[in-house]
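Enquirer:
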Amino acid sequence: MYLANNDANHDPIASVYNAIGIASEAETIALILEQLMLKHLSKGAHILDIGCANGQLVQQFHIRGYQTTGLDCSEKLLHYAQINAPESKFILSDIRKFESLPTYDAVFSRNTLGFILNLEELTTVFRNVYAAMHNNGLFVFTIVTVDSVSRESLLEDFNICDITDKYVYLEEGKYNPEERMRELKSTTFELINGMWKRSDSTLLDKAYFSSEIQSALENVGFIEINHYNSKDFGDPTPTGEDCFVCRKPSLTR
């Protein structure tokens, strides 16, 4: 049985994660978001990136003329984010506990909300996002759902190996269909001062039904909820990810 809690802390693998992450991928995501989100925002609008990791997407928003804030629960990843996007603001917080007055014109999150392991907490996250947004703000996020057209590829067991002169990155994913949980185990070996240092990380990722997500968004008060597959907008991954786009009403309910 899986624990209900999940810290989803990338601190142990932050330096290698930053080395693996490439700016071109963030640029591709930003181009996809031009169609889904950015074209609906005025220049200077304030965007919050939840689970911003090393900040490369935040930097892409900044380059395009937006105010930018990144939020992540990994202090070490935020260290790299501040280097990669030095003119942006970053917040160290768990989104389940994040509180903010209406500040943001749009909120984006990529593959972070699956780390919230039960629907009650996910609804709390949606409520926190809702409270942090200006009226008429856009909320866009990607997440793997059980009923996705690409579920067979996204939820099957997998192994990843990336080897360079400076690091070795190993990742294993195992999916439990009864729990609808995927266990992600990562091991890194990083060359530091001539010595190889090993770090390990284990995360859990929940697969929801799209109907559960739709209902939770509606219960919080979001409207105009649409569900897409990101590959339809040019996502280079073979299967794409489920993408939800919704809006906070112009007048608070």
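Counting from 1, position 246 in the sequence shown corresponds to residue 245 in numbering that gives the first Met the number 0; the numbering is continuous, with no gaps.
All C-beta atoms in this analysis are idealised placements derived from N, C-alpha and C, irrespective of residue type, glycine included.
Quick check on N175: does DSSP put it in helix, strand or coil?
Expert: By 1-based counting over the sequence shown, the position of residue 175 is 176. The answer is strand: DSSP assigns N175 an E or B state.
Enquirer: Hey, would you say F253 sits closer than 9 Å to K196, going by beta carbons?
Expert: Given a span of 0 to 252 for the chain in the structure shown, any question on residue 253 remains unanswerable.
Enquirer: Under three-state DSSP, which class holds E86?
Expert: As a first step, residue 86 must be located in the sequence shown, where it is residue number 87. Of the three classes helix, strand and coil, the one that applies to E86 here is coil, per DSSP.
Enquirer: Which complete beta strand (DSSP E) runs does the region 166 to 213 hold, if anything under 3 residues is left out?
Expert: Entirely contained in the region 166 to 213, the beta strand (DSSP E) runs reaching 3 residues are, in chain order, 166 to 175, 180 to 191 and 194 to 205.
Enquirer: For K183 and T123, I'd like the C-alpha separation in whole angstroms.
Expert: Position 184 of the sequence shown holds residue 183. Position 124 of the sequence shown holds residue 123. The sequence shown places Leu at residue 183, rather than the Lys named in the question. Each residue's Cα considered, the two are about 24 Å apart.
Enquirer: Taking 9 Å as the threshold (C-beta atoms), are R181 and D199 in contact?
Expert: Here the question's residue 199 lines up with position 200 in the sequence shown. Here the question's residue 181 lines up with position 182 in the sequence shown. Contact flag unset, no.
Enquirer: Assuming the contact rule is C-beta atoms closer than 8 Å, L137 and H39 should be a hit. Round their C-beta distance to whole Å, please.
Expert: Here residue 137 is taken as the residue at index 138 of the sequence shown, counted from 1. Here residue 39 is taken as the residue at index 40 of the sequence shown, counted from 1. With a Cβ gap of about 6 Å, L137 and H39 count as contacting.
Enquirer: Count the other CB atoms within 10 Å of the CB of G43; is the residue buried (16 or more) or exposed (fewer)?
Expert: Taking the sequence shown and counting its residues from 1, the one referred to as residue 43 is at position 44. Its Cβ having fewer than 16 others within 10 Å, G43 is exposed.
Enquirer: Any C-beta of chain C sitting closer than 9 Å to the C-beta of Y207?
Expert: No chain C is part of this structure, which consists of one protein chain only.
Enquirer: Could you say which of A130, Y174 and Q81 lies nearest to Q55 if we only look at CA atoms?
Expert: Taking the first residue of the sequence shown as position 1, residue 55 is located at position 56. Ranking the options by Cα distance to Q55, first place goes to Q81.
Enquirer: How should M132 be labelled, buried or exposed, when 16 other C-beta atoms within 10 angstroms of its C-beta is the threshold for buried?
Expert: Within the sequence shown, the letter at position 133 stands for residue 132. Under this definition M132 is a buried residue.
Enquirer: Using the C-alpha atoms, what's the distance from S108 back to E171?
Expert: Counted from its first residue, the sequence shown places residue 171 at position 172. Counted from its first residue, the sequence shown places residue 108 at position 109. Going by the C-alpha atoms only, they are around 23 Å apart.
Enquirer: Does the separation of the CB atoms of L118 and E177 fall below 9 Å?
Expert: By one-based count along the sequence shown, residue 118 stands at place 119. By one-based count along the sequence shown, residue 177 stands at place 178. No. Outside cutoff.
Enquirer: Who are the near neighbours of T29 in its chain, counting only those whose CB is closer than 6 Å to its CB and skipping five residues on each side?
Expert: Numbered from its first residue, the sequence shown carries residue 29 at position 30. Before going on, a small fix: residue 29 reads as Ala here, not Thr. So the list reads Q59, once near-sequence residues are dropped.
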